[in-house]
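*Asks:* Anchor point for the sequence shown: position 48 equals 48 in our numbering, and the numbering is continuous, going up by one each time. For glycine and all other residues, C-beta sits at the position ideal for the given N, C-alpha and C. One structure coming up, written as structure tokens, with questions to follow.
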Amino acid sequence: MTTPLPLVTADLPGSGGALRASPEDFRVDEVPAYLPSGAGPHLYLRVEKRGRTTRDVVRALAAALGVPERDAGYAGLKDKDAVTTQWLSFPSARDPDPAALAGPGLAVLEVSRHANKLRPGHVRANRFALAVRGGAIDPARACAAALAARGLPNFFGPQRFGAEGRNAAVGRALLRGERTAETGRAVRDRFLRRLSISAYQSELFNRWLAARLADGLFATALQGDVLKKLDTGGLFTCEDPAADTARVARFEISPAGPMFGHKLRPAAGEALAREERLLAEEGIALADFARGGGEAEGTRRAARLHVEVAVEPLEGGDGYLARFELPKGSYATVVMRELMKSESALPEEE
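Have a look at this one:
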């Protein structure tokens, strides 16, 4: 089971409505960390896809270009049941005709070149334009204004964890050295192993963040917190909670929650005690993450984000359009559940 996610706008009514009645209702445009230089051995393609996964598109383009799929590069996965744009890279010497690479649900918008392969994480943000059919616009605007003032809890969406949270459960078993049919499959399949361990780290982060909200510490810097600069990503340890809490309030910095791992930057003081209690309740130690090797080194994730959601009427009425930008690794459905207050109407992201 995954952790129930609390809302920071729970005091406000939601808009209701349905999200993603069609792929065109869910538009995602990747904002790259850098643009290709125009020269180099790697072919860069900016693609638009509809109703297809990123892996499916990568597989099709690699075959068309005659290069191994494993040598293709992408910064992140994009939703299947949506219209999305992103850059992909391929080690190809020829410059293809973009029209010749088009296929069902796939168009090539730009062609360029660069010196290096596109790697996971080489993305600055994602821009969303999401249509909520049948949603009431005034409650959505009120929730959007509250989010801008209070901050967005940077939860991982439930889709991160697989059916009934099974991915996280497998990750926990792997790290505890438990032998089951599922952990056996994960040991043999590196992608599944990485997915499962990451899901478990994400589940623990969600539990840590949910506890901060429950204890009224969402926008507070604690003694010993690892804090993250929201403009540069730099990390430092809180030594002056009063001064740092003022910076948290201004969205300059955020508490950086644990994606637990054997190389995790440690917190101190009260913040460390909270993290240690969470691990003790879970019956796992930081040393157990060493079983995950390179997939379980650990990192820190911003807990509180500033998000501005523009809410516009849909053409023809009957709902609204929500436009916003999120940093890489953050979930649009976490934003939309604050606006809609309707879990059953939320789709899964890829």
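Taking the Cβ atom as the reference point for each residue, do residue 130 and residue 303 lie within a distance shorter than 8 Å?
*Replies:* Stepping through the sequence shown from its first residue, residue 130 is reached at position 130. Stepping through the sequence shown from its first residue, residue 303 is reached at position 303. Result no, Cβ atoms of residue 130 and residue 303 do not sit closer than 8 Å.
*Asks:* Under the rule that 16 or more other beta-carbon atoms within 10 Å means buried, what is residue 97, buried or exposed?
*Replies:* Sequence index remark: in the sequence shown, residue 97 carries index 97 (1-based). Under this definition residue 97 is an exposed residue.
*Asks:* Please report the residue range of the beta strand (DSSP E) in which residue 183 lies.
*Replies:* By one-based count along the sequence shown, residue 183 stands at place 183. No beta strand (DSSP E) holds residue 183; the alpha helix (DSSP H) holding it covers 181-188.
*Asks:* On a Cα-Cα basis, can you pick out the residue from 299, 147 and 261 that is closest to residue 307?
*Replies:* Reading the sequence shown from its first residue, position 307 is the one you call residue 307. It is 147 whose Cα lies nearest to the Cα of residue 307.
*Asks:* Would residue 292 be called buried (16 or more neighbouring beta carbons within 10 Å of its own) or exposed?
*Replies:* By one-based count along the sequence shown, residue 292 stands at place 292. The residue is buried, with at least 16 neighbouring Cβ atoms inside 10 Å.
*Asks:* Have a look at 202, 318 and 229 and flag the residue whose alpha-carbon is nearest the alpha-carbon of residue 21.
*Replies:* Along the sequence shown, one-based indexing puts residue 21 at 21. The option with the nearest alpha carbon to residue 21 is 318.
*Asks:* Out of 149, 75 and 106, which one is the CA nearest neighbour of residue 121?
*Replies:* Position 121 of the sequence shown, counting from 1, holds the residue named residue 121. Looking at the Cα atoms, 75 is the closest of the given residues.
*Asks:* Would you say residue 123 and residue 328 are within 8 Å of each other, going by their C-beta atoms?
*Replies:* Position 123 of the sequence shown, counting from 1, holds the residue named residue 123. Position 328 of the sequence shown, counting from 1, holds the residue named residue 328. In contact: residue 123 and residue 328 (Cβ atoms closer than 8 Å).
*Asks:* Taking the straight line between their C-alpha atoms, what separation do you get for residue 339 and residue 29?
*Replies:* Counted from its first residue, the sequence shown places residue 339 at position 339. Counted from its first residue, the sequence shown places residue 29 at position 29. Whole-angstrom Cα-Cα distance: 21 Å.
*Asks:* Should the region 45-53 be regarded as contacting the region 107-118, the criterion being three or more beta carbon pairs within less than 8 Å?
*Replies:* Short answer: they touch.
*Asks:* Between the Cα of residue 34 and those of 12, 118 and 101, spot the shortest distance and give me the residue it belongs to.
*Replies:* Within the sequence shown, the letter at position 34 stands for residue 34. The residue with the shortest Cα to Cα distance from residue 34 is 118.
*Asks:* Whether or not the region 294-302 and the region 259-268 are in contact is what I'm after, with contact meaning three or more pairs of Cβ atoms, one per stretch, closer than 8 Å; do they touch?
*Replies:* Because the criterion of three Cβ pairs below 8 Å is met, the region 259-268 and the region 294-302 touch.
*Asks:* Let me make sure I understand the geometry here. Which of 326, 15, 330 and 31 has the alpha-carbon closest to that of residue 142?
*Replies:* Here residue 142 refers to the residue found at position 142 of the sequence shown. The option with the nearest alpha carbon to residue 142 is 15.
*Asks:* Alpha carbon to alpha carbon, how far is residue 70 from residue 144?
*Replies:* Here the question's residue 70 lines up with position 70 in the sequence shown. Here the question's residue 144 lines up with position 144 in the sequence shown. Roughly 41 Å between the two C-alpha positions.
*Asks:* In whole angstroms, what separates the C-alpha of residue 8 from that of residue 335?
*Replies:* What you label residue 8 is simply residue 8 of the sequence shown in a count that begins at 1. What you label residue 335 is simply residue 335 of the sequence shown in a count that begins at 1. Using only the alpha carbons, I get a separation of about 10 Å.
*Asks:* Report the start-end ranges of each beta strand (DSSP E) in the region 288-321 that is 3 residues or longer and not cut off at the edges.
*Replies:* Complete beta strand (DSSP E) runs here, min 3: 299-302 and 310-313.
*Asks:* Once you ignore the five residues that flank residue 222 on each side, which residues in its own chain have a CB closer than 8 Å to its CB?
*Replies:* Stepping through the sequence shown from its first residue, residue 222 is reached at position 222. Same-chain partners within the cutoff: 238, 241, 255, 269, 270, 271 and 274.
*Asks:* Taking the C-alpha atoms as reference points, what is the distance between residue 186 and residue 68?
*Replies:* Counting from 1 along the sequence shown, the entry for residue 186 is found at position 186. Counting from 1 along the sequence shown, the entry for residue 68 is found at position 68. Taking the straight line from one Cα to the other gives about 24 Å.
*Asks:* Which two residues bound the contiguous beta strand (DSSP E) that contains residue 88?
*Replies:* Indexing the sequence shown from 1 puts residue 88 at position 88. Counting along the chain, the beta strand (DSSP E) containing residue 88 begins and ends at 83-90.
*Asks:* Nearest to residue 326 by CA position, among 128, 190 and 32, is which residue?
*Replies:* Position 326 of the sequence shown, counting from 1, holds the residue named residue 326. If we check each option's Cα against that of residue 326, 128 comes out closest.
*Asks:* To the nearest angstrom, how far is it from the Cα of residue 183 to the Cα of residue 158?
*Replies:* Taking the sequence shown and counting its residues from 1, the one referred to as residue 183 is at position 183. Taking the sequence shown and counting its residues from 1, the one referred to as residue 158 is at position 158. Distance between the alpha carbons of residue 183 and residue 158: 21 Å.
*Asks:* Hey, quick one: how far does the alpha helix (DSSP H) through residue 274 stretch, first residue to last?
*Replies:* Taking the sequence shown and counting its residues from 1, the one referred to as residue 274 is at position 274. Looking at the DSSP string, the run of the alpha helix (DSSP H) that includes residue 274 is 269-282.
*Asks:* Do you know how far the Cα of residue 236 is from the Cα of residue 5?
*Replies:* Position 5 of the sequence shown, counting from 1, holds the residue named residue 5. Position 236 of the sequence shown, counting from 1, holds the residue named residue 236. Between residue 5 and residue 236, the C-alpha separation is close to 27 Å.
*Asks:* Considering only DSSP beta bridges, list what residue 259 is partnered with.
*Replies:* Within the sequence shown, the letter at position 259 stands for residue 259. Answer is 299, bridged to residue 259.
*Asks:* Between the C-alpha atoms of residue 24 and residue 315, what's the straight-line distance to the nearest angstrom?
*Replies:* Numbered from 1 along the sequence shown, position 24 holds the residue referred to as residue 24. Numbered from 1 along the sequence shown, position 315 holds the residue referred to as residue 315. Residue 24 and residue 315: Cα-Cα distance of roughly 14 Å.
*Asks:* Can you have a look at residue 203 and say buried or exposed, based on whether 16 or more other CB atoms are within 10 angstroms of its CB?
*Replies:* The count along the sequence shown starts at 1 and reaches residue 203 at position 203. The residue is buried, with at least 16 neighbouring Cβ atoms inside 10 Å.
*Asks:* Tell me whether residue 13 is buried or exposed, calling it buried when 16 or more other Cβ atoms sit within 10 Å of its Cβ.
*Replies:* Translated into the one-based positions of the sequence shown, residue 13 becomes position 13. Flag for residue 13 reads exposed.
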